[in-house]
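Participant: For the sequence shown, counting from 1, position 35 maps to 36 in my numbering; every step adds exactly one. Quick reminder that beta carbons are idealized off the backbone N, C-alpha and C, glycines included. No experiment lies behind these values; they were computed from the predicted model shown.
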Amino acid sequence: GKEMEEAKSLIATLRSHNDVLKRAVLQEQHKRATTEEQLSQTEKLLAAAVEERDSLSKQLLHAKNSAEQAKIQAEQQLLEAKSRAEQQHRQLQDLLHQPHHQPHLAAPPLSPTTP
Numbered sequence: 002g003k004e005m006e007e008a009k010s011l012i013a014t015l016r017s018h019n020d021v022l023k024r025a026v027l028q029e030q031h032k033r034a035t036t037e038e039q040l041s042q043t044e045k046l047l048a049a050a051v052e053e054r055d056s057l058s059k060q061l062l063h064a065k066n067s068a069e070q071a072k073i074q075a076e077q078q079l080l081e082a083k084s085r086a087e088q089q090h091r092q093l094q095d096l097l098h099q100p101h102h103q104p105h106l107a108a109p110p111l112s113p114t115t116p
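Below, the structure is given as structure tokens:
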């Protein structure tokens, strides 16, 4: 009788332990599934971030090139404007140094307009 009781008690304890272990295993499996899901999400986010970074890098490069081209154009236009200004200045100097042009350059005296 006594040994039978001990055996029954031992079996009950083992069953209880077994249930605890089964629950623990299920919890671990659930945790692992959750972790894998999170990992998958993280990888998707990372891939999207990398894609966005590459896109931004391309845009930045394009903007830099455009800015460089604009700068070169502006420098060329500045040189052309300078050249034109110098040419106009020379023409003006030539005009000023021609004696027969000076009367034209002097402003005529203003005559009062009387009705």
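What is the residue span of the alpha helix (DSSP H) that Gln99 lies within?
Facilitator: Position 98 of the sequence shown, counting from 1, holds the residue named residue 99. Looking at the DSSP string, Gln99 is not in any alpha helix (DSSP H), and its letter there is neither H nor E.
Participant: What's the C-alpha gap between Val26 and Glu44?
Facilitator: Here the question's residue 26 lines up with position 25 in the sequence shown. Here the question's residue 44 lines up with position 43 in the sequence shown. Whole-angstrom Cα-Cα distance: 26 Å.
Participant: Report the rounded CA-to-CA distance for Arg33 versus Ala68, giving the unit in angstroms.
Facilitator: Position 32 of the sequence shown, counting from 1, holds the residue named residue 33. Position 67 of the sequence shown, counting from 1, holds the residue named residue 68. Taking the straight line from one Cα to the other gives about 51 Å.
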